[in-house]
Structures are given as structure tokens and as C-alpha cells.
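In the numbering used here, the protein residues as written are 7 to 123. Backbone N, C-alpha and C fix where the C-beta goes; we use that ideal spot for every residue, glycine too. In what follows, a single structure is set out as C-alpha cells and then discussed.
Right under this line is the structure:
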């Protein structure tokens, strides 16, 4: 992809230089400077040593926390309700009992704004 962009950039600049007159050479220089880009996607600007060290320490701490912290377990009960979570379906069911004869069932979903009728 980078090779394609560089080739297109050269073609654009050479075509622009052929069509423009000598008086507008400064526009070609400014157009070519606007098309300059970093050759590598991971290229970063230089940071102060303090900032670089802080970023390195924080990223190491985040990695360690992710490696050693136990995964978050979803709740299986809430007050007098039992909770059944289906995360892949974005659906949750809560069941509870009120009194001797009444059962309560609550189903909750996160929809994307589409209603089926």
C-alpha cells in the first residue's frame, strides 16, 4: 500500500510540474511538501525522556494488570433475582419469586434501533 501511495505521489507531482508554467513552481514545491508522509506506520515524533519513561512504565503496568488480574465474573444474583447473562446475544434474563404464587421474569436486551414488527 505504501508503495502504491509513493508511486501515486510521484506521478501527481510530475504531472503537476509538466502542466504548470515556470512562474508557478513555488506551488509545485508546496504541493509536494503537503504530500509528504512518514514511510512507516509506527513512526513517532521524538518525546522527552521523561515522557517516554512514563509511557513505558504505564504500558508495562497495564500489561501486568491484564496478565495477572482474574477475569471479571458477571453477577449471578441481584437481590432476590437470579441473573442469566448471554453476552454474545446482548441479552439478560432475571427471574424472581414474589410470594407463593407469583413468578417474575424480566428480559433485557440492548437493541441497535431497529424494531421488528
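Within the same chain, 109 come within 6 Å of residue 103 by CB-CB distance, once the 5 residues on both sides are set aside. In terms of CA proximity to residue 97, 113 leads the group 113, 64 and 105. Restricting attention to 71, 52, 66 and 92, the CA atom closest to the CA of residue 116 is found in 92.
Separation of residue 69 and residue 63 (C-alpha to C-alpha, rounded to the nearest whole angstrom) is 10 Å. In the three-state reduction of the DSSP assignment, residue 106 falls in the coil class, being assigned neither a helical nor a strand state. Each residue's CA atom was taken as its position, placing residue 56 and residue 81 some 42 Å apart.
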